Structures are given as structure tokens and as C-alpha cells.
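One structure below.
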Amino acid sequence: MWVPAENRRFVLGDLPVLLMGGAPVHEELPELHAPGGRVPACAGWSVVPKATLCVVDGPGDSGCVVPGAFSPEEFGHVVEWCETVERAGGAVVVSVGALPGEAESVDWDALLSGGSRGGFVPALTAP
Numbered sequence: 001m002w003v004p005a006e007n008r009r010f011v012l013g014d015l016p017v018l019l020m021g022g023a024p025v026h027e028e029l030p031e032l033h034a035p036g037g038r039v040p041a042c043a044g045w046s047v048v049p050k051a052t053l054c055v056v057d058g059p060g061d062s063g064c065v066v067p068g069a070f071s072p073e074e075f076g077h078v079v080e081w082c083e084t085v086e087r088a089g090g091a092v093v094v095s096v097g098a099l100p101g102e103a104e105s106v107d108w109d110a111l112l113s114g115g116s117r118g119g120f121v122p123a124l125t126a127p
């Protein structure tokens, strides 16, 4: 399943975040919460971060393909995001009904107030 480019955002921070709006896997991801300020891992999920596309793979047939950089302007940012995912060992994958604004940061209070789904998803890396 495909997530359109306008429905994804790669956010840099302490942990990299893949924010998706209207993702086809929304209902399959666990409800997003952060007990003690820590986002729990999504059991059975993985992310493959690449500059041209990212794959979010879940249990069974769950999963989606997220386009990476579509323009030269996006390329450097997406590459930096992918490198950060590899260093962190994964990313926080968050699915919401619709993406909020154009901000480069994440409003965690809004995301944790209900309706958001996701958690920390470990990165798959080549052996």
C-alpha cells in the first residue's frame, strides 16, 4: 500500500519520526502513548529507511511504502533522516488522520491526546 508524498513527513529530533497522514496501516498500528515519556516499540513492525522510499512493514500483510525525496530540495533532508534512523536503530512511526500544518517539529501533546497510532519501529539493515 502506498502513502502519497503529501501525506508523509520526515522529522528530525532526538529520535527520528516518520509522520504519516491517512496511512493505509493506521488501524493496524497500536494506539500511540508514551508512558513516562517513552514511546514503546511496535511489536512485529520494522522500517527500511532509504532516500528514495521507505518501507514500513508490519505483521502479516500489514505494511506500506512511503516515498522518500521527490526533489533535489528534499533529498538532503531525507538522507539525513535515514542516517539518523540507522544510528538510532529505528524511528518513531506515527499515523494520524491528517497531517498537521507544515511544521518541521512534532507537537507531542497533540499527538498523544488521542487518535494517533504508532510507536518506535526498529530499522532493518543489511547484514
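Numbered according to full-length UniProt numbering, the sequence shown spans residues 1 to 127. Cβ atoms here follow ideal geometry from the backbone N, Cα and C, with glycine treated the same way. Note that this is a predicted model, so its numbers are computed, not measured.
Span of the alpha helix (DSSP H) around residue i
i    : result
F75  : 72-88
D109 : 108-111
CA nearest to the CA of residue i, picked from the options
i    : options               : result
P59  : G68, T52, W45         : W45
S1   : V121, F10, V66        : Per the sequence shown, residue 1 should be read as Met rather than Ser. For M1, the nearest C-alpha among the options comes from V66.
R8   : W81, D14, P40         : W81
V106 : D14, V3, E6, P4       : D14
L29  : G114, G118, L124      : G118
R38  : T125, L112, A123, V55 : L112
Span of the beta strand (DSSP E), counted from its first residue to its last, around residue i
i    : result
P100 : No beta strand (DSSP E) contains P100, which DSSP labels as neither H nor E.
G118 : 117-122
Nonlocal neighbours in the same chain, by C-beta distance under 6 angstroms from residue i, ignoring five residues either side
i   : result
D57 : S46, G63
Proximal residues to residue i (C-beta, below 7 angstroms), its chain only, five neighbours per side dropped
i           : result
A98         : G21, G22
residue 150 : With the chain represented from 1 up to 127, any question about residue 150 goes unanswered, as that position is not in the structure.
8 angstroms Cβ shell around residue i - same chain, five flanking residues per side excluded
i   : result
A51 : G68, A69, F75, V78, V79, C82
- Query: What runs of the beta strand (DSSP E), each 3 residues or longer, lie entirely inside the region 3-73?
  - Reply: 8-11, 17-21, 46-48, 53-57, 63-67
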